[in-house]
Amino acid sequence: MMLSVRDLAVRFATDGGVVRAVDGVSFDLDKGEILAIVGESGSGKSVTAQTLLGLTRAPNATITGTVEFDGQDLTQLDDEQFREIRGKRIAMIFQDPMTSLNPVYRVGDQIVEMIRAHRKVSKKEARDSAVDLLRSVGIPNPERRVHNYPHEFSGGMRQRVMIAMALALDPDVLIADEPTTALDVTVQAQILRLLDDLNRERGLAVVLITHDLGVVAEIADRVAVMYAGQIVEDATLDKLFYDPQHPYTWGLLGSLARLDQPRPARLAQIAGMPPSLLNPPTGCRFAARCPHEFDKCAEPPPLVDGDRCWLDPEDKRRLRDLDGRIGLQKGVAS
Amino acid sequence: MSGEPLLEVTNLVKHFPVKSGVIVDRVVAHVKAVDGVSLTINEGETLGLVGESGCGKSTLSRTILQLTTPTSGSVRFLGEELVGRSRRSLRPVRRQMQMIFQDPYASLNPRKRIGQIIGEPMELHGLASGRDVNRGVQDLLDRVGLSPEHANRYPHEFSGGQRQRIGIARALALKPKLIIADEPVSALDVSVQAQIINLLKDLQEELGLSYLFVAHDLGVVRHVSDRVAVMYLGRIVESAPAAKLYDHPLHPYSNALLSAVPIPDPKLNISRERLVLDGDVPSPIDPPSGCHFHTRCPWATEVCTTDDPRLEELESAHVAACHHPRNLVEQN
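Protein sequences appear in the order of chains A and B. The first sequence maps to residues 1056 to 1389 in the working numbering. The second sequence maps to residues 2 to 333 in the working numbering.
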């Protein structure tokens, strides 16, 4: 096991009250595994990812639970100890490669600086590894490109630079927070292929944060679906797409305008909006939007066998079937 | 449907000058954002316009509305020429062509109440006054799935999806015939996207609207469109009825775009053949010679580097600009 997260909760004190952004999240990441965490905005997926690396520490934040990595609990580390983990053992890339690179330094210098901060090597050696890294992520003419500034790269190329930097210290785990969301589809396909290669060739374990189930289907081994600060379903890739258990997952799958299926007259949709995390419902958090709600849903369902729903498994198979497709409910009048 | 299309765009060009110089600004080049686009939209029809960032699809929609002045070309709406007309004389036309924007956060004035945002256009265009404005606002809010009490609230009190509904209500306030929707759902979560798409389709059915639906998401475009046009570097490279284009794209670029979309079905993803393009979209300042796509096209030959292919009807109602079209199924 690379990474083991137990009962992770992150709360932020705000003027409006305490926001329970992440509320009891547990998952494991195996060696060489690609785990996707999917969810919509505000589901807590990015806060979970950032908390793994201690990036949500702030005076107004309360973090409880454990993040076990290599025999240590990362939530207990001080800043100095964390420096030995960040970048070296667990690296992270972000959605927007423009704001994650320093615009006034050459790309090569930024990689060199980062290598030399962690390893005792000469400038020359660091520069050579920078060139090798850029080559390994598919940047043409790396000898010339190290001298360029970030603005001289396209969006896709910048994301490659970010990946090169993340790989510089040969980490075991890469946390990728919406790495292709800002990119065009043809470039997204290139970056996903690159991540897949890195995973297979280096055995790099990846936590992929995304809202796009297409991207998940393309690259993940396992999927955790988050809703309102909790994991509602945790399953292998095939199980999630062909035998999904949680009604929210049905809703997500059903509301996609898919290219691989005949076009339906209306898209299935999920009515309403996610609950406020200032004061989440005491029972099932999805109940208010779920057409299959029943009395039991007033009690909070536990996550059992990767499923947080009270419905009977036999009933589920029937309920999720909308004329041969999986969905939550037919498109109702808007 | 009458004989004449609702909107007819012919050879529309928008070039932005690139300036350089310390004391005197000299024009050193042009960004060819829209480079000779022709298209038509009929009454009650949805034309989907797809392409990657920088292909000129947003500039095209703004130029059609005359929000930016075209460099040359013609835009005819309801039989009237719009290019070259004064702002004043465009006003009655603008009432009939409205726009829905991508960012529901930036496109609503944060200091105005929803009632004002939706009601003001009606007053300005003389469609309603006094109490009728309020009644009109309430009807519109109801129609887009919000409740009438919302008229007294400010934009920040709404979620992204609700704001997009407000934007739609504002566009509908003037009873337009054509709505240009520029990436109307790309800032929204999938479950909310489905709600908004269903709403747009319902409104079209009720009110007989026409849409120019601009988006980069090919799944969404297929779902809403009757016909689809694919843009690359300022030009339309292929256009066809949606079913045909998605079933057998003729242009290699359309092929590559469709093949790059990840399919939410793991087994299908493994089995299907993928065409992953190398490189990025070239600069529209200095587009490649001949066919603009030849630098990334796996099937490019000598002729593609020199001769610019013209848009030709290769199958019935299916046009593409390519020397080596793929997947032809009909004999023409």
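Glycine included, every Cβ here is placed at the ideal spot set by N, Cα and C.
Which same chain residues end up closer than 6 Å to residue i when comparing Cβ atoms and leaving out the 5 residues on each side of it in sequence?
i	result
residue 30 (chain B)	19, 286
residue 1259 (chain A)	1229, 1253
residue 314 (chain B)	320
residue 1069 (chain A)	none
residue 152 (chain B)	115, 116, 138
residue 1308 (chain A)	1381
residue 252 (chain B)	238, 239, 321, 323
Would you identify the three-state DSSP class for residue i, choosing helix, strand or coil?
i	result
residue 1302 (chain A)	helix
residue 266 (chain B)	coil
residue 1086 (chain A)	coil
residue 20 (chain B)	strand
residue 286 (chain B)	coil
residue 1277 (chain A)	strand
residue 1175 (chain A)	coil
residue 1072 (chain A)	strand
residue 1 (chain B)	No answer is possible for residue 1 (chain B): it lies beyond the span of chain B, which begins at 2 and ends at 333.
residue 42 (chain B)	strand
residue 33 (chain B)	strand
residue 1166 (chain A)	helix
residue 15 (chain B)	strand
residue 1120 (chain A)	strand
residue 1146 (chain A)	strand
residue 233 (chain B)	strand
residue 161 (chain B)	helix
residue 1140 (chain A)	coil
residue 257 (chain B)	helix
residue 1291 (chain A)	strand
residue 1193 (chain A)	coil
Does any residue of chain B bring its CB to less than 7 Å from the CB of residue i?
i	result
residue 1239 (chain A)	yes
residue 1324 (chain A)	yes
residue 1095 (chain A)	yes
residue 1343 (chain A)	no
residue 1458 (chain A)	Any answer about residue 1458 (chain A) is impossible in this case: the structure gives chain A only from 1056 up to 1389.
residue 1328 (chain A)	yes
residue 1011 (chain A)	One cannot answer for residue 1011 (chain A) here, as it falls past the ends of chain A, which runs 1056 to 1389.
residue 1064 (chain A)	no
residue 1311 (chain A)	yes
residue 1372 (chain A)	no
Within the same chain, show all residues whose beta-carbon is closer than 7 Å to that of residue i, passing over the 5 residues directly before and after it, in chain order.
i	result
residue 1301 (chain A)	1280, 1287, 1288, 1362, 1363, 1364
residue 1305 (chain A)	1299, 1375, 1381, 1382, 1383
residue 102 (chain B)	108, 168, 183
residue 126 (chain B)	96, 175
residue 149 (chain B)	139, 142, 143
residue 172 (chain B)	99, 100, 101, 180
residue 222 (chain B)	49, 51, 214, 216, 229
residue 145 (chain B)	166, 169, 170, 200
Short of 8 Å in beta carbon distance, which residues of its chain neighbour residue i, apart from the five on each side in sequence? Order them along the chain.
i	result
residue 181 (chain B)	62, 65, 66, 98, 99, 100, 101, 212, 213, 215
residue 197 (chain B)	162, 165, 166, 169, 185, 186, 189
residue 1132 (chain A)	1109, 1140
residue 1161 (chain A)	1201, 1202, 1203, 1204
Chain A beta carbons: is any one of them nearer than 7 Å to that of residue i?
i	result
residue 160 (chain B)	yes
residue 263 (chain B)	yes
residue 198 (chain B)	yes
residue 269 (chain B)	yes
residue 1 (chain B)	For residue 1 (chain B) there is no data in the structure shown, the boundaries of chain B being 2 and 333.
residue 278 (chain B)	yes
residue 215 (chain B)	no
- Taking three-plus beta-carbon pairs below 8 Å as touching, is the segment 1173-1188 of chain A in contact with the segment 1145-1155 of chain A? Verdict: no, contact absent.
- Message: By the 9 Å beta-carbon criterion, what residues does the segment 1138-1164 of chain A contribute toward chain B?
- Response: none
- Taking any Cβ of chain B, which residues in the segment 1262-1282 of chain A have a Cβ under 9 Å from it, in chain order? 1266, 1267, 1268, 1269, 1270, 1271, 1272, 1273, 1274, 1275
- Item | At least 3 beta-carbon pairs within less than 8 Å: the segment 232-249 of chain B vs the segment 53-68 of chain B | yes
- Message: Three Cβ pairs or more, each shorter than 8 Å: is that satisfied between the segment 287-295 of chain B and the segment 194-213 of chain B?
- Response: no
- Message: Closer than 8 Å is the cut-off here; do at least three beta carbon pairs connect the segment 1085-1102 of chain A with the segment 1126-1145 of chain A?
- Response: no
- Does the segment 1239-1258 of chain A come close enough to the segment 1165-1177 of chain A to have 3 or more Cβ pairs within less than 8 Å? no
- Task: Could you list the residues in the segment 1229-1258 of chain A with a C-beta less than 8 Å from some C-beta on chain B, going in chain order?
- Result: 1239, 1240, 1241, 1242, 1243, 1244, 1245, 1247, 1248
- Query: Listed from N- to C-terminal order along the chain, which residues in the segment 1194-1223 of chain A have their beta-carbon within a distance smaller than 9 Å of any beta-carbon of chain B?
  - Reply: 1195, 1209, 1210, 1211, 1212
- Item | Contact between the segment 1261-1271 of chain A and the segment 1327-1336 of chain A (3+ Cβ pairs under 8 Å) | With the cut-off at 8 Å, the segment 1261-1271 of chain A and the segment 1327-1336 of chain A do not touch.
- Task: Give a yes or no on contact between the segment 1061-1068 of chain A and the segment 1106-1125 of chain A, applying the rule of three or more CB pairs nearer than 8 Å.
- Result: yes
- Cβ-based contacts, 9 Å cut-off: residues of the segment 220-238 of chain B near chain A: 220, 221, 222, 223, 224, 225
- Message: Output needed in chain order: residues of the segment 1283-1297 of chain A with a Cβ under 7 Å from some Cβ in chain B.
- Response: 1292, 1293, 1296
- Task: With 7 Å as the C-beta to C-beta threshold (strictly closer), list the residues of the segment 38-61 of chain B near chain A in chain order.
- Result: 53, 54
- At a Cβ cut of 8 Å, what residues of the segment 1165-1182 of chain A count as close to chain B, listed as they run along the chain? Hits within the stretch: zero.
- With 9 Å as the C-beta to C-beta threshold (strictly closer), list the residues of the segment 7-36 of chain B near chain A in chain order. none
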